[in-house]
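Residue numbers (this note's numbering): 587 to 703. Notes for the one structure printed next.
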């Protein structure tokens, strides 16, 4: 994920009212992933979201992390399955619904941004 896409996602999330605030993208954290060959640890850049309004059991100030790999995989999947998504992605004109879906897919439906118009 490049800096311009990360900035666009942060802008869309923070522009539309939600219970989460986009903090930043780029901090590296140790992540764990599982595959057919076992479990592996690696450093990965993460997109950090801070809870502004307590919801779904998360307290105010809690930081949720979504890895760059999961975001990239979600974007690739949505580009294949959602009509027009690829064009909006390429031109950095993603809608708030697109961003909701990216984070939902990237987190296996664990994070629902709830962005509003």
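Note that beta-carbon positions come from the ideal geometry of N, C-alpha and C, so glycine has one too. Owing to the predicted nature of the structure, the values given are computational and were not obtained by experimental measurement.
Contacting residues, own chain, Cβ-Cβ under 7 Å from residue i (five flanking each side not counted)
| i | result |
| --- | --- |
| residue 664 | 671, 687, 688 and 691 |
| residue 605 | 637, 638, 639, 641 and 700 |
Cut-off 6 Å between Cβ atoms - residues of its own chain near residue i, not counting five sequence neighbours on either side
| i | result |
| --- | --- |
| residue 677 | none |
Classification of residue i by the beta-carbon crowding that lies within 10 angstroms, buried from 16 upward
| i | result |
| --- | --- |
| residue 618 | exposed |
| residue 693 | buried |
| residue 656 | buried |
| residue 596 | buried |
From the options, residue whose alpha carbon lies closest to that of residue i
| i | options | result |
| --- | --- | --- |
| residue 697 | 588, 666 and 649 | 649 |
| residue 628 | 682, 616, 636 and 667 | 616 |
| residue 683 | 601, 587, 622 and 589 | 601 |
| residue 695 | 652, 662 and 646 | 652 |
Bridge-paired residues (DSSP) for residue i
| i | result |
| --- | --- |
| residue 589 | DSSP, once it has assigned bridges, lists no residue as partnering residue 589. |
| residue 702 | According to DSSP, which records beta bridges pairwise, residue 702 is partnered with nothing at all. |
*Quick one: complete alpha helix (DSSP H) runs, 4+ long, within the stretch 639 to 673?*
654 to 667
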